[in-house]
Each structure stands twice: as structure tokens, then as C-alpha cells.
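Asks: Take this structure first; my questions come after.
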Amino acid sequence: MADHLLRLEQISKVYNAGEPSQTEVLHGIDLVLDEGEFVAIMGPSGSGKSTLLNIIGLLDRPTSGRLLIGGKDTGLLDDAALTRLRGESIGFVFQYHHLISAFTALENVMMPMVVERGFPDRQCEARARHLVERVGLAKVADHLATNMSGGQQQRIALARALVMTPRILLADEPTGNLDTQSADDVFALMREVNTKSRTCFIIVTHNKTMAERCDRIIEVVDGRIHEP
Amino acid sequence: MTYGLPLEWIVAVRFLYEGRLQTLFIVVGISIGVAVIVFMSAMLAGLENNILKRVLTTQAQIQVIAPDQVARALRGKGEDMEDATVQRPSQRVALIDQWQSLVRSLRAEPGITFVSPTTTGSALAVRGEASRSITLIGVEPETYFHIVKIPDYVVAGDARLTSESILVGVELAKDLGVRVGDKINVTAASGDQRVLTMTGLLDFGNKGANQRSTYVALRTAQSVMGMIGGVTSLDINLYDIYAAEVMAQSIMASHRVVAESWIKTNAQFFSAIQAQKATNTLIRLFVGLSVAFGIAAVLVVSVIQRSKEIGILRAMGTTRGQIIRLFLLQGGLLGFAGSMVGAALGAGGLFYWHSVARQSDGSELFPLMLELQLFVYTAILATLTGLLAAMAPALRAAKLDPVVAIRG
Ligand SMILES: Nc1ncnc2c1ncn2[C@@H]1O[C@H](COP(=O)(O)OP(=O)(O)O)[C@@H](O)[C@H]1O
Ligand SMILES: [Mg+2]
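Chains as they are written, first to last, in numbering that gives the first Met the number 0: chain Y, 0 to 227; chain B, 0 to 407.
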């Protein structure tokens, strides 16, 4: 049996374990995702969607359970290896675009490659320019990231998340802060990348119509998942 | 982005540039501190060097003379002084016993560069109607001129000494009305008389010395003063001028002579210099501390302001080490930039002060000593201070949990 791209086995997360404020946010989550999937995660706020995404994205470690990426048990990796794996296989898009304000749009897109190599080169720039074009923002490539509209910033954030050709792209309410038109643009763009590059998208959203345009909807309620 | 430049450098420079007001203020702060240090150090070094030069080119670092046998208070068996008034023997010159063997053993000492036997005494210089009392200094030019740079003081004629020549200070020459080539009658207290030819005119930049000091060959002095083969002092120079006092003590411990170091004879000046140095060190320390705290404060604030960006960089795969270097670098760059501006300010201040501050006679108050070394050291020190100050903020930044930073 071929390894799945992503496999969660009995993942739980407890915040502030052992303290009076201890809260168990995720309870034994099992989930399998493969290349090319386009998944929506829905659920009331506070239900643990972001926590789940952060664990999948290797930003946070589960309290118990196993997370396998391409068959590799991430629990066995140290911090440095985790950082490396995150850099090369996972892209993030957050609700608040989180571009680095000291850099231009193009430079923000280059950044993950620069981080991986340790320094920028011609190749980084060419690839970043290509992605900026792909998200339709070639004209504003050299604007400071903060001098762009919310929709533009989110498209740049998407380009940045894609620059390393990650196998998994995690988007936490990527359109939650955008007007309908911009939200549609960003969503369409993600869909296009998914079909062309077979990148696995996991998108947290509160938007019902958007979720229905995904291939699969996963509901998180009180730290457990339900699939209709 | 400049191709090939490390990530940490690129981000550090951008962060500093983006926060330019903060950057500007802290750089100005560091610059003022560095300028004060550069200004003070250069001025102090100039003064010290000036005085040292004046002292050490006119006198030996150690002078060895015969032990003062009579001029010692008589003590009884108890601690009471039996005779408190001690009379120096009248003008009698004390010769050093067996000076040749002493010279030989001193020349064998590793710390000693030159040993020069000298015979000094009082005499009367006569030229026509004019007569002046002089100090006749008989020297061995080959060694003595390494200790007291007589050739440097020659303003007319030259410093060569034959058995018939005498070098005379400018004041004395004026008083006697002599010029280079003229004859001078020299009479010693013992009554001997010699006619010497003035071959060089000296200006020591000191009226007393210009009035009294005359230089002749050692043998000439010995014969004029009736001390054939005897010397009154040994002049000594060392590799390390500051070792003079220790060396003088050790000479006295192993030979029956009195050895006086320049440090002792210039004790007042010496302790003034030491006090200045201590003050300077303290000022440096405190300026350095305030610079360090300034840099640390700015960077701590920057870590807080940029915690989101740090979180994003971490999410992209930036390592903790890279984050640490990013902030250390900012500290180092601030220190370096401040030290450059500060060095320029300090040098400018020195030039200005040097041109404005004059002694009453219009001569410079202190010599302008701008040594590259001082600037290099200051720049290195300021950069290191910046790096050190950035340590705590850098560690703090590296410890940020990306999840918390991004959500925050
Ligand atoms: N770092 C944390 N420490 C303590 N509690 C946390 C932390 N992060 C999230 N939580 C709590 O966990 C629960 C789930 O949060 P989150 O995953 O952000 O939910 P969602 O994204 O579905 O709104 C919430 O009650 C939240 O307060
Ligand atoms: Mg959330």
C-alpha cells in the first residue's frame, strides 16, 4: 500500500496541560488526505480548526497521536528537521495575509526560497516573478507589500505559499477578510493551482458556498471531525 | 534583493531601514558616545605622548649615580633620630666605583637597550668679558645620543664631538656672544682650563637648559674636571619605559649604586597620567554600558513589534539560529554605524578644538594625534558592544512560538 500524503492517527491536543486552565481542544482525530485533494474544513469558531491546521503544518506538535507526512512519522523529527520539512513541503496562507512589510510583493514571494537557500539568486527571482504573474499581479510586483489591497495581498500570500511547490497547502480562513469579488478570485486561483499542480489544499472557511465548491468537506465540532 | 547576500543580512538591513526613525535615534546616541571616547582618548594620548617625549628625550630612563655616603641621617640603635639635620657634602662630585664592570654587567641585562657613561660637573665658560657658569656634560656620543637625542636639538653646526669641541645652548651662546666656530674658554672648579671650539648650537625648547647645558666628549670633560677615567653617572634606556622603576630597584639591589628611574623623578606627572587613564577607562566603560543598553532597548522593542514577522519567517522554515543571527546582526550594524559616525564626529571635534584651543603664547595646547588604531579599536569595540547588547533580544526572538506569534 502506497503511503498517504497525510495521515493523522488519534491526534489530540491539550493546551496548558497540568494547569488549572488546561483545555483539551482536539480529541483523537483520524484523518487521511492524498495528493490532489481539495478539502474544506468548517465548524464553529473555537472548535479547534486552527489548532488542527497548525499541527498538520508542523507549527505545533500534538499532545498525543501520530502525524505522518508521506509515510514519515513527524513525531520522530527534532525541531531543525521539522523546520526543514515544513519549509519544503508545506505552504501557509493565513487570514491576515501576513506579508513582511519591509519587502516588496515580489520579495515576499521569493522569501521562502531565500530561506531555504540562505541567500537570493536569479533563479529565486525568476520563479517568484512567474508566480506573481500567475496570481495576476505582475504590475504591482515591486510595490511594498503593505501598499496593496487586501485581495492583492492575499493573492501574493498565496503565491508565496506556492513558491516552494509544497505538496500541502494550508489556508486558514484565507478569504475571511476579503470582499466577495476578491474572495472569489483567490478561491478560483487556489482551485486552478490544485488542478494543475496536484497540490493538496486544506482550506478552513466559514463560507458555505465556497465549501460546497470543494471536493470534500470536513466538519470540526468540539475537537472531533465529522464528514457528511 | 542583492543576489548572494545572506538572508540574515538582507532582513537585518531591511528591518533597520524600515524602522529608520528608531535606527536614526539610536545611531545618533551611539555616535555621541563614540565621539566622546575618540575625542578624549586622542587628546589624552596626545598630551601623554607630548609630555613623555619631552621628558624622555631630555633625560635617561634610569640614571645610576654613586651612593650618597655621607648624606644619610645617623640613626642610633633605637628608633630615635640622633641627628636630624643632615648636611650634604659641599659640591664634591662622587664618582662611580669600577664603572666599567658595572657597565658591562648592565649591558648584559635583557631589558636594557643602552648604557652610557657620563661625567657631569660645573664649570665657568669665558669669552672675552663675558663669563657664565655652565654644566659641563661629558658624553660618549655613540651611546648617549640614543638616550638623549642631541642631534635633534641642533639648530646650527652639527652634533659631532671631537676632544676639542663643545655644543652650546642658544641662550648661553647669546650671553657669551659666540657662534659656531668660535672658541670658548672653559674653566673647571678644580682650576683646569681648556679652550674648546663651539661646533654646534642647541635649542632644547627650555630656557634653563639653553642657558646652562653644554656637551663635550667624555674624555674632555674628565680632563677638564680632573677626573681622568672617572664617571659621575650611567644613563640607561630600556625596551619598556614603564619597567624603569622595577629595573632601578633591581639595579640598586644588586650593585652599590643609587639608580633613579624617570618614573620616580617625574612622579607627579606620572600619577597625573595614571589618574587620567583611570578616569578615561571609567568613562569608556560607562559610555559603553549606556550604548549597550540603548541598543538592547531598541532591539527588545523591535522584537515585540516584529513578532508576527518573526513568526512568518519561522513558518517558512527559518531556523532559530537564523533568527538569532538576524538580531545579533542588527545590533552589530547599529554599533558599527554608530562608531563610524562617532569617529568622524570625534575627529572633527579634535580638529576644531585643536585649532581653537591655544596656549597663551599661541602654540598648540596638545598635539593632534589621530591614530588609525584608535578608530579601528573603537569600531571593533562598538560593533562587539552592539552584538553583545543584541544577545538578549535575539534569544527572545528565537524563542517566540510561531503559532502564538502568528495568531497574536
Ligand atoms: N495557545 C493556546 N493556548 C491555550 N488555548 C488555546 C491556544 N490556542 C487555541 N486555544 C484554544 O483552543 C480552542 C480552539 O482554538 P482554535 O483552534 O483557534 O479554534 P478555531 O480556529 O476553530 O476557531 C479555543 O478555545 C482556543 O481558545
Ligand atoms: Mg481559527
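Beta carbons: idealized from backbone N, C-alpha and C, even for Gly.
What is the DSSP secondary structure of His97(Y), reduced to helix, strand or coil?
Replies: Coil at His97(Y), not helix or strand.
Asks: Going by DSSP in three states, His205(Y) sits in which element: helix, strand or coil?
Replies: Three-state DSSP puts His205(Y) in coil, outside helix and strand.
Asks: To the nearest angstrom, how far is the alpha carbon of Arg215(Y) from that of Pro173(Y)?
Replies: Rounded to whole angstroms, Arg215(Y) to Pro173(Y) spans 17 Å at the Cα level.
Asks: Lys398(B) touches chain Y at which residues, Cβ-Cβ below 7 Å?
Replies: In chain order: nothing, as chain Y lies at least about 12 Å away.
Asks: Does any C-beta atom of chain Y lie closer than 8 Å to the C-beta of Ile262(B)?
Replies: So, not an interface residue.
Asks: Only counting the same chain, and skipping five residues up and downstream in sequence, which positions put a Cβ closer than 8 Å to that of Ser121(B)?
Replies: Correct list, in chain order: Gln90, Ser132, Ile133, Thr134, Leu135, Ala187 and Ala188.
Asks: On the DSSP bridge assignment, give the partners of Ser301(B) in chain order.
Replies: DSSP lists no partner for Ser301(B).
Asks: If I follow the unbroken alpha helix (DSSP H) through Ala188(B), where does it start and stop?
Replies: Note, Ala188(B): premise wrong, no alpha helix (DSSP H); not H, not E.
Asks: If we count the other Cβ atoms within 10 Å of its Cβ and call it buried at 16 or more, is Asn15(Y) buried or exposed?
Replies: Per the 10 Å Cβ criterion, exposed.
Asks: Give a yes or no on whether the minimum CB-CB distance between Ile25(B) and chain Y is below 8 Å.
Replies: So, not an interface residue.
Asks: Taking only beta carbons into account, state which residues of the region 10-28 of chain Y come closer than 8 Å to chain B, listed in chain order.
Replies: Per Cβ criterion, the list is empty.
Asks: Could you work out which residues of chain B lie near His97(Y), taking near to mean beta carbons separated by less than 9 Å?
Replies: Under the 9 Å cutoff, chain B gives Lys307, Glu308, Gly310, Ile311, Ala314 and Ile405.
Asks: Taking Cβ to Cβ, would you say Gly86(Y) is nearer than 8 Å to Met163(Y)?
Replies: Yes. Within cutoff.
Asks: Among residues of its own chain, excluding the 5 on either side of Ser260(B), which ones have a beta-carbon nearer than 6 Å to its beta-carbon?
Replies: The residues are Ile61, Ala243, Glu244 and Ala247.
Asks: Does the region 153-165 of chain B come close enough to the region 196-215 of chain B that 3 or more CB-CB pairs lie under 8 Å?
Replies: Cβ pair count under 8 Å is three or more, so yes.
Asks: For chain B, check one thing: does any of its Cβ atoms lie closer than 8 Å to the Cβ of Ala80(Y)?
Replies: With 8 Å as the cut-off, Ala80(Y) does not count as an interface residue toward chain B.
Asks: First and last residue of the alpha helix (DSSP H) that includes Gln233(Y)?
Replies: Because chain Y spans 0 through 227 in this model, residue 233(Y) falls outside it and cannot be assessed.
Asks: Below 7 Å between beta carbons is the criterion; list the residues of the region 107-127 of chain Y that meet it against any residue of chain B, in chain order.
Replies: Against chain B - using a Cβ distance shorter than 7 Å - the residues of the region 107-127 of chain Y are Met109, Met110, Pro111, Val113, Val114, Glu115, Gly117, Phe118, Pro119, Asp120 and Arg121.
Asks: Could you tell me which residues DSSP puts in a beta bridge with Ser121(B)?
Replies: Per DSSP, Thr134(B).
Asks: Tell me which residues pass a beta-carbon proximity test against ligand 1: closer than 5 Å to any heavy atom, given in chain order.
Replies: Chain-ordered list of matching residues: Tyr14(Y), Val24(Y), Ser44(Y), Gly45(Y), Ser46(Y), Gly47(Y), Lys48(Y), Ser49(Y) and Thr50(Y).
Asks: Are Val139(Y) and Met315(B) closer than 8 Å when you measure CB to CB?
Replies: No, they are not a contact pair.
Asks: Can you tell me the Cβ-Cβ gap for Glu231(B) and Thr117(B), rounded? I've got them flagged as a contact below 8 Å.
Replies: Looking at the sequence provided, one finds Thr at residue 231(B) rather than Glu. At roughly 7 Å, the Cβ-Cβ gap stays under 8 Å, so Thr231(B) and Thr117(B) are in contact.
Asks: Looking at the unbroken beta strand (DSSP E) that takes in Leu30(Y), where does it start and where does it end?
Replies: Thr22 to Leu32 is the extent of the beta strand (DSSP E) around Leu30(Y).
Asks: Do Arg6(Y) and Val31(Y) have their CB atoms nearer than 8 Å?
Replies: For Arg6(Y) and Val31(Y), yes; Cβs fall inside 8 Å.
Asks: Does the beta carbon of Asp59(Y) fall short of 7 Å from some heavy atom of ligand 2?
Replies: Every heavy atom of ligand 2 is 7 Å or more from the Cβ of Asp59(Y), so no.
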